[in-house]
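Chemist: My questions all concern the structure below.
Residue numbers (our numbering): 423 to 574.
Written out as structure tokens, the structure reads:
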């Protein structure tokens, strides 16, 4: 996973740091140190203490660099993961539609990402793709299924 991150993002610099927040899994620290120079990374962890399934306390700590402690949160990614599990049955274990083949999981994720970015209206009548200026109108399922894609 960290190799994919390294390949996909621009290299960070001391004035444009890579900012990462995670749970208490210490493997991220080693992986970040192996791939990036410490002055180019701000990495913080949030450790959640649970009792009977409920979060009763949160500890935040700076691991690399100098991230702002008040900004160390993982709720956005936890929310995204929850949405993925709700909307993509292939990500839920012990279900009939659980993906056994990586290519099928990747295809399901690609369709969901397209739907989320170009078809689903978020606030009002805009999709994330419209907000970013990638497209000028919402894509419908009809257009999605009936458009012929030309490859060069």
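No residue lacks a Cβ here, since even glycine has one placed at the ideal position from N, Cα and C.
If you run the structure through DSSP and keep just helix, strand and coil, what is residue 514?
Modeler: For the purposes of this step, residue 514 is taken as the residue at position 92 of the chain shown. Three-state result, residue 514: coil.
Chemist: Starting from residue 564, trace the alpha helix (DSSP H) in both directions and tell me its first and last residue.
Modeler: Position 142 of the chain shown, counting from 1, holds the residue named residue 564. Element bounds for residue 564: 563–568.
Chemist: Give a yes or no on whether the C-beta atoms belonging to residue 509 and residue 520 are separated by under 8 Å.
Modeler: The residue given as residue 509 occupies position 87 in the chain shown. The residue given as residue 520 occupies position 98 in the chain shown. In this structure, residue 520 does not lie closer than 8 Å to residue 509 by Cβ.
Chemist: Using alpha carbons as the reference points, say which of 503, 426, 574, 487 lies closest to residue 459.
Modeler: Position 37 of the chain shown, counted from the start, is the residue given in the question as residue 459. Selected option, being the one with the closest Cα: 487.
Chemist: Hey, quick one: how far does the beta strand (DSSP E) through residue 502 stretch, first residue to last?
Modeler: Numbered from its first residue, the chain shown carries residue 502 at position 80. Here residue 502 belongs to no beta strand (DSSP E); instead the alpha helix (DSSP H) covers 497–509.
Chemist: Using 8 Å as the Cβ pair cut-off and three pairs as the minimum, do the segment 464–484 and the segment 439–451 touch?
Modeler: yes
Chemist: Once you ignore the five residues that flank residue 536 on each side, which residues in its own chain have a CB closer than 6 Å to its CB?
Modeler: Sequence index remark: in the chain shown, residue 536 carries index 114 (1-based). Within the same chain, residue 536 has no close Cβ partners at all.
Chemist: Please report whether the beta-carbon of residue 538 lies at a distance below 8 Å from any beta-carbon of chain D.
Modeler: The chain inventory of the structure shown lacks chain D, comprising one protein chain alone.
Chemist: Express the C-alpha separation of residue 490 and residue 462 in angstroms, rounding to a whole number.
Modeler: Sequence index remark: in the chain shown, residue 462 carries index 40 (1-based). Sequence index remark: in the chain shown, residue 490 carries index 68 (1-based). Here the alpha carbon of residue 462 sits roughly 15 Å from the alpha carbon of residue 490.
Chemist: Comparing C-alpha positions only, which one of 517, 554, 560, 476 sits nearest to residue 581?
Modeler: This structure cannot speak to residue 581, because the chain is shown only from 423 to 574.
Chemist: Ordered along the chain, which non-local residues of its own chain (more than five positions away) have a Cβ less than 8 Å from that of residue 553?
Modeler: Translated into positions along the chain shown, residue 553 becomes position 131. The residues are 544.
Chemist: What number of angstroms, rounded off, separates the C-alpha of residue 565 from the C-alpha of residue 438?
Modeler: The residue given as residue 565 occupies position 143 in the chain shown. The residue given as residue 438 occupies position 16 in the chain shown. So the alpha carbons of these two residues sit roughly 39 Å apart.
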